[in-house]
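See structure below.
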Amino acid sequence: MKRLAGLLALMAWGAAHADEVQVAVAANFTAPMQKIAAEFEKDTGHKAVLAFGATGKFYAQIVNGAPFEVLLAADDETPAKLDTEHRTVPGTRFTYAIGKLVLWSAKDGYVDNQGQVLKTGDYAHLALANPKTAPYGAAAIETLTKLNLLDRVQPKLVQGENIAQAHQFVSTGNAPLGFVALSQVYRDGKFTSGSGWIVPANLHSPIRQDAVILAKGAANPAAKALEGYLKSNKARDIIRSYGYEL
Numbered sequence: 001m002k003r004l005a006g007l008l009a010l011m012a013w014g015a016a017h018a019d020e021v022q023v024a025v026a027a028n029f030t031a032p033m034q035k036i037a038a039e040f041e042k043d044t045g046h047k048a049v050l051a052f053g054a055t056g057k058f059y060a061q062i063v064n065g066a067p068f069e070v071l072l073a074a075d076d077e078t079p080a081k082l083d084t085e086h087r088t089v090p091g092t093r094f095t096y097a098i099g100k101l102v103l104w105s106a107k108d109g110y111v112d113n114q115g116q117v118l119k120t121g122d123y124a125h126l127a128l129a130n131p132k133t134a135p136y137g138a139a140a141i142e143t144l145t146k147l148n149l150l151d152r153v154q155p156k157l158v159q160g161e162n163i164a165q166a167h168q169f170v171s172t173g174n175a176p177l178g179f180v181a182l183s184q185v186y187r188d189g190k191f192t193s194g195s196g197w198i199v200p201a202n203l204h205s206p207i208r209q210d211a212v213i214l215a216k217g218a219a220n221p222a223a224k225a226l227e228g229y230l231k232s233n234k235a236r237d238i239i240r241s242y243g244y245e246l
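Residue numbers for the sequence shown, in this note's numbering: 1 to 246.
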């Protein structure tokens, strides 16, 4: 009976000391972050309340007073900029993942492993995320520029507001192929569906994805706990399983 009472008291203490943290998450990191958040709550008792979207949009919202306490960006420039503007907790910024760009189609065998399908021009639409607000969209434009294909494919480009919408265009067949984040179509060393070409890293700037605790999270223990959890072996294993590098 005493053991049961002690266990109940411990559970009550944990519940009383659990906090919520409001997290803005780059759209490309949706699936891994959902998995990490579930493990984070299970292991710490803290709950991560997640919002997904384009990094550029999140920046504008944060500047305008949005209640986010942690940002997981799709780049390293936005968190660095927030740092210089004194909108973060100093010393908390770190790279949580290095993203990979992939040319992907929902059709099996449509995209060859060298991406030569891009040069054929035999497609009506090529999807990508808005390069002004989404780093994966900017990387797609860089890639097309280096391949000397941007002018040729310009009339075929369809832009999603973020990488999630670009993926939706391709997965529904509205665009036969497009540039998406590898994490959206890859799991444990293979494509989950369709066909793709992982874009070589030398065709675009590195997609270093940084996280930072925002000023609104300075006094929230759950924000600090999430920062530490993202660096844990469990979280890093999940991140790797979606095709990111660390």
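Glycine included, each C-beta is placed from N, C-alpha and C at the ideal position.
Proximal residues to residue i (C-beta, below 7 Å), its chain only, five neighbours per side dropped
| i | result |
| --- | --- |
| Gly-173 | Ala-106 |
Span of the beta strand (DSSP E), counted from its first residue to its last, around residue i
| i | result |
| --- | --- |
| Thr-95 | 94 to 99 |
| Val-265 | Residue 265 lies beyond the residue range present for the chain, which begins at 1 and ends at 246; the question has no answer from this structure. |
Residue i Cβ short of 6 Å to the ligand GDP heavy atom set
| i | result |
| --- | --- |
| Gln-184 | Ligands in the displayed structure: none, and consequently the ligand GDP is not present. |
Opposing strand residues paired with residue i [DSSP bridges]
| i | result |
| --- | --- |
| Asp-159 | Contrary to the premise, residue 159 reads as Gln rather than Asp in this sequence. Leu-128. |
| Arg-187 | Lys-190 |
| Gly-115 | Beta-bridge pairing links Gly-115 to no other residue. |
| Ser-195 | Ser-105 |
| Glu-245 | Ile-98 |
Element boundaries [alpha helix (DSSP H), containing residue i]
| i | result |
| --- | --- |
| Asp-151 | 150 to 153 |
| Gly-137 | 135 to 146 |
| Val-180 | Taken as a continuous stretch (DSSP letters only), Val-180 belongs to no alpha helix (DSSP H), being part of the beta strand (DSSP E) at 177 to 181. |
Cβ neighbours of residue i in the same chain (closer than 6 Å, five flanking residues each side left out)
| i | result |
| --- | --- |
| Val-89 | Ile-213 and Ala-218 |
| Leu-150 | Leu-144 |
Spatial neighbours of residue i in its chain, beta-carbon cut-off 8 Å, leaving aside the 5 residues before and after
| i | result |
| --- | --- |
| Phe-179 | Leu-101, Val-102, Leu-103, Trp-104, Leu-126, Ala-127, Leu-128, Ala-129, Tyr-136, Gly-137, Ala-139, Ala-140, Thr-143, Ala-166 and Val-199 |
| Thr-133 | Ala-54, Thr-55, Gly-56, Lys-57, Glu-161 and Asn-162 |
| Ala-215 | His-86, Arg-87, Thr-88 and Val-89 |
Local Cβ density within 10 Å of residue i, reported as buried at 16 or more and exposed below that
| i | result |
| --- | --- |
| Phe-94 | exposed |
| Ser-183 | buried |
| His-86 | exposed |
| Lys-224 | buried |
Report the residue ranges of all alpha helix (DSSP H) runs contained in full by the region 42 to 105; include only those spanning at least 4 residues, in chain order.
-> With a minimum length of 4 residues, the continuous alpha helix (DSSP H) runs that stay inside the region 42 to 105 are 55 to 63 and 77 to 84.
Contiguous alpha helix (DSSP H) assignments of at least 4 residues, all confined to the region 205 to 238 | Annotation note: the region 205 to 238 contains the following uninterrupted alpha helix (DSSP H) runs of length 4 or greater, listed N- to C-terminal: 221 to 230.
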